[in-house]
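Asks:
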Amino acid sequence: MDDARAREVLTRMWVDQHEAVTRFVARRVEAGLVDDVVSETFLVAWRRLADVPEDPKPWLLGVARNVLATHVRTHGRWRALGVRLEREPETGTEGTDDLAADRTDLRRAWSMLSDADREVIALVAWDGLTAVEGAKVLGIRPSTFSVRLTRARKRLLAYSGLPSDTAAVLRNLQETR
Amino acid sequence: MKSPMLADLAALDPARDLRAPGRADDEALRSILGTARHATPLRRSPRAAVLAGAAAAVVVAAGGLAVVWWPGAPAAYASWTAVPNDLSAAETTARAATCEPVAHTITEGPDGPRVDEVPIRPVLAEQRGDYTYVLLTGDGATGECLVTVQAAGATDVVSGDAVLASPPPAPGPRDVTTLQLGTASWSEGDTGDGALTSAYGRAGEEIASVTLTLVTGEQVEATVHDGWWAAWAPGEAALDDTARVTFTDGGTAEVAVTR
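Listed in order, the protein sequences are those of chains A and B. Heads up: the first sequence runs through residues 89 to 265, numbered per my numbering. Heads up: the second sequence runs through residues 697 to 955, numbered per my numbering.
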């Protein structure tokens, strides 16, 4: 690929994928690091342009995940890599009471999931990926991704439908297995 | 197809309202396009990681050794002393707890840079003024960590790690070997840069002390502990390539400190 063509390809990728990569990163690190991680991700793409598949999104998110791991371990905040959930909203901004209650249950259930469970769910629910694409991000087989997603979803469902103390007991049981 | 629960979760996406469209004239894109496409692998390219700007690491590579220093330390070393203070075992443990217990290898893989971890544990800790230096080692890997306790009780930690080409051989009783000698620097974007010069290696069981000399003539006493020795000096200090060694029987010798 000549340089002019390479610039064209990366520019197109930047325009098409910048927002998706930024959102993926923004869920995982503090705001001050987001731009650096995104830039570094596209820098890797620039240097490995020949390796970027036709559908670049899962590949870019996989690179971003590796770059994040480097940054976050670097700063001793490995645990922070887990996908965050939207901050607790102000009272009264959530619409109907039922909806608010559902959200609270879901939020609580989410907080009880392991980082690995959150990651597979977030790839589908937030990044809008299929199991095949999500598997590419994590570098695992699609069948493995599907199994993990099913289990994570079951746990989320179990935790959100139970009283909080029962859910905590259930989670502890699963952790000790 | 998404389940209703996954749809509900979408509403809780912290980045739901984040808009970050990429534009062809973005400054960040322009600076990427301005770099060489066929860069050397990260661990052999001292400048590669700096391109990311703030909070990037500086990679210093030499021979089979890649040393990565991470940002986070203060730039000045006002209270540094040429002679280290001993730390109690409890203090060593407490300070070392803030150091990363792993060394990293960074290799370029088909899916971008890949980071592997090698566990390391503290083998030596020393204090010079407000700064605690910890040497950590593991299977063919070493780490260095500089901890500064701030006035408010917060700690600043800067750490570097290296994966050795081969595990260091055990030294003879009167041997001093050098695994690392040189200056590592780091960049914190606009907020500050830092550098320190360090040396460490294995020390035989009859080694009582190791004294290094800066090219300015100042002598720096190393810490010798449990088969290891280490010393550091602020900034980009240059060290003489010989050190004076005292043996447990009182004898002395000049030894080369080169890798």
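Glycine included, every Cβ here is placed at the ideal spot set by N, Cα and C.
Using the Cβ count rule (16 or more neighbours within 10 Å means buried), how would you classify ARG229 (chain A)?
Replies: Answer is exposed; the Cβ neighbour count stays below 16.
Asks: Pop quiz: GLY897 (chain B) and TRP928 (chain B) are said to be a contact at Cβ under 8 Å. What is the actual Cβ separation, rounded to whole angstroms?
Replies: Not a contact, Cβ separation roughly 13 Å.
Asks: With 16 as the cutoff for other CB atoms within 10 Å, does ARG165 (chain A) come out buried or exposed?
Replies: Since pLDDT at ARG165 (chain A) reaches only 38, below the 50 mark, its modelled position is unreliable, and no value is offered.
Asks: Against ARG114 (chain A), what residues of chain B qualify as contacts under a CB-to-CB distance less than 9 Å, listed in chain order?
Replies: Residue 114 (chain A) is actually Ala in this sequence, not Arg. The contacting residues are PRO710, ALA711, LEU714 and ALA716.
Asks: At a Cβ threshold of 9 Å, is LEU137 (chain A) touching chain B?
Replies: Yes, contact with chain B.
Asks: So does the region 868-875 of chain B actually touch the region 820-831 of chain B, counting three or more Cβ pairs closer than 8 Å?
Replies: With the cut-off at 8 Å, the region 868-875 of chain B and the region 820-831 of chain B do not touch.
Asks: Considering only DSSP beta bridges, list what ILE903 (chain B) is partnered with.
Replies: ILE903 (chain B) pairs with B:PHE943.
Asks: Counting Cβ pairs closer than 8 Å, one from the region 132-139 of chain A and one from the region 97-105 of chain A, do we hit at least three?
Replies: Cβ pair count under 8 Å is three or more, so yes.
Asks: Please report the residue range of the alpha helix (DSSP H) in which LEU245 (chain A) lies.
Replies: Start and end: 230-248.
Asks: Taking C-beta pairs closer than 7 Å, name the residues in chain B that ILE228 (chain A) reaches, listed in chain order.
Replies: In chain order: nothing, as chain B lies at least about 12 Å away.
Asks: For a test of the three-state rule: what should DSSP assign to SER741 (chain B), helix, strand or coil?
Replies: Annotation note: pLDDT 24 at SER741 (chain B) (below 50); position unreliable, coordinate value reported separately. The answer is coil: DSSP assigns SER741 (chain B) none of H, G, I, E or B.
Asks: Who are the Cβ neighbours of GLU118 (chain A) in its own chain at under 7 Å, not counting the five residues just before and after it?
Replies: Here the set comprises nothing.
Asks: Just to confirm, is the Cβ distance from THR938 (chain B) to VAL920 (chain B) under 9 Å?
Replies: Not a contact, by the Cβ cut-off of 9 Å.
Asks: With a threshold of 7 Å on Cβ separation, who are the neighbours of THR914 (chain B) within its own chain once the five nearest residues in sequence on each side are excluded?
Replies: According to the sequence provided, residue 914 (chain B) is Glu. The question's Thr does not apply to it. Result list for GLU914 (chain B): ALA778, in chain order.
Asks: Indicate whether LEU149 (chain A) and LEU211 (chain A) have their beta-carbon atoms separated by less than 9 Å.
Replies: In this structure, LEU211 (chain A) lies closer than 9 Å to LEU149 (chain A) by Cβ.
Asks: What does CYS795 (chain B) pair with, by DSSP beta-bridge criteria?
Replies: CYS795 (chain B) is not bridged to any residue.
Asks: Give the residues of chain A in contact with ALA720 (chain B), contact being defined as C-beta atoms less than 8 Å apart.
Replies: Correct list: THR99, TRP102 and VAL103.
Asks: Taking the alpha-carbon positions, what's the ASP709 (chain B) to GLY900 (chain B) distance?
Replies: If you take the alpha carbons of ASP709 (chain B) and GLY900 (chain B), they lie about 57 Å apart.
Asks: Ignore the nearest five residues each way along the sequence and tell me which others in LEU226 (chain A)'s own chain have a CB closer than 7 Å to its CB.
Replies: Once the five neighbours on either side are set aside, the close Cβ partners of LEU226 (chain A) are PHE233.
Asks: State buried or exposed for LYS242 (chain A), treating a residue as buried only when at least 16 other CB atoms are found within 10 Å of its CB.
Replies: LYS242 (chain A) is exposed by the Cβ-count criterion.
Asks: Let me know the secondary structure DSSP gives GLU822 (chain B) once reduced to three states.
Replies: Reduced to three states, the DSSP call for GLU822 (chain B) is strand.
Asks: Do ALA799 (chain B) and ILE816 (chain B) count as a contact pair if the criterion is CB distance below 9 Å?
Replies: Against a cut-off of 9 Å, the Cβ pair of ALA799 (chain B) and ILE816 (chain B) comes out as a contact.
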